[in-house]
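Below is one structure, written out as structure tokens, with a few remarks after it.
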Amino acid sequence: MPMIDRDGTPLAYEFTPGEAPAVVFLGGFKSDMQGTKALALEAWARARGQAFLRLDYSGHGQSGGTFEAGSIGAWYADALAVIAHEITQPCVLVGSSMGGWIALLIAREHPSRVAGLVTIAAAPDFTEDGYWASFDEAQRVALFEAGRVAVPSDYGEPYVITKHLIEEGRERLVLRSPLPLPVPTRFLQGTADADVPEAWAHRLLAHAEGPDIRLTLVKGADHRFSEPDQIALIERSVEEVLDRIAP
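Just so you know, the sequence shown maps onto residues 1 to 247 in the UniProt record's numbering.
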């Protein structure tokens, strides 16, 4: 598997050459590039001859580093490093959950790198509006005294949320300042998502600024958004964005 080094940490990725603009899949919190959506999109891109990139952030999947040492800024830098290594032209970012936040950060900070955007259950600012906002006083005290707190997860072992993750995340918030998205943008959200409330999708739609931004709600879809019809919707959304990119 290809690897690049970023500040001493090996980052794993898979790149499929093809036509530009490349489609880049950015996974979620503690997920990896072997997930259903990443692999399905890779197969879809290969079938149409589109360049495609998927990657593991540090502390995720086959990349080096530890999850607990990570932060939104570190994973954002990981994504930028891998993209820059393989892709020279503007690309279409497909961000799932936390990957949606990272995609929005890239679009805001490096607009010349982005030709289009699709998010799936995007979770911008989730360290602040999700974890920190939900912590009770005992958890907040534990976070600051021990530097970490374990939070139950529906996806396996508890997530260890660190003080560094919360504090560094406050430097990366995208819903507290202007968020220009001048490229074709599609937000996808399930109404039965127990991790990212539907209201977050509406807030993102209201906050983002751009001429071609749409939100699609799927009644009954959960956070995984990986059923066959939902995968097909992701593929159609990426195709629509590709078709609407100005030549």
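From the three backbone atoms N, C-alpha and C, an ideal C-beta is built for every residue, glycine too.
Out of curiosity, what's the CA-to-CA distance linking F126 and P211?
Between F126 and P211, the C-alpha separation is close to 26 Å.
What's the gap between the Cα of Q50 and the Cα of E19?
When rounded, the distance between both Cα atoms is 5 Å.
Residue range of the beta strand (DSSP E) that Q62 falls in?
First-last for Q62: undefined, no H or E at that position.
For my contact list, A103 and G95 are in at a C-beta cut-off of 8 Å; report their separation, rounded to the angstrom.
At roughly 3 Å, the Cβ-Cβ gap stays under 8 Å, so A103 and G95 are in contact.
Mind listing, in chain order, the continuous alpha helix (DSSP H) runs of no fewer than 4 residues lying wholly within the stretch 104-179?
Here the runs fully enclosed are 137-146 and 163-169.
Suppose the cutoff is 7 Å on Cβ atoms and the five residues either side in sequence are ignored; what does the same chain contact list for T162 look like?
The residues are E68, G147 and R148.
Under DSSP, the beta strand (DSSP E) around I95 begins and ends at which residues?
Contrary to the premise, residue 95 reads as Gly rather than Ile in this sequence. Where G95 is concerned, the enclosing beta strand (DSSP E) stretches over C91 to S96.
Which residue marks the beginning of the alpha helix (DSSP H) containing T36, and which one marks its end?
Note, T36: alpha helix (DSSP H), T36 to R48.
If you reduce the DSSP assignment to three classes, tell me which class L181 lands in.
L181: coil per DSSP, three-state reduction.
Nearest-angstrom Cα distance between A232 and Q34?
Taking the straight line joining both Cα atoms gives about 18 Å.
Keeping to the same chain, check which residues put their C-beta closer than 8 Å to that of R46; ignore five residues upstream and five downstream.
The residues are T16, G18 and F52.
Give the DSSP-derived three-state secondary structure of D243 in the structure shown.
Reduced to three states, the DSSP call for D243 is helix.
C-alpha distance - V143 paired with L55, whole-angstrom precision:
In the sequence as presented, Val is not what sits at residue 143; that position holds Leu. Taking the straight line joining both Cα atoms gives about 30 Å.
Measure the C-alpha to C-alpha separation of W101 and T36 and round it to an integer number of angstroms.
If you take the alpha carbons of W101 and T36, they lie about 20 Å apart.
Should A22 go down as buried or exposed, given a rule of 16 or more other Cβ atoms within 10 Å for buried?
With at least 16 other beta carbons inside 10 angstroms of its own, A22 counts as buried.
Quick check: L181 and A201, are their CB atoms within less than 9 Å of each other?
In this structure, A201 does not lie closer than 9 Å to L181 by Cβ.
Inter-residue CB distance, L242 and V92 (contact presumed, cutoff 8 Å):
Taking C-beta atoms under 8 Å as the contact rule, L242 and V92 qualify, at a distance of about 6 Å.
Where E157 and E42 are concerned, what is the direct C-alpha to C-alpha distance, given to the nearest angstrom?
Taking the straight line from one Cα to the other gives about 28 Å.
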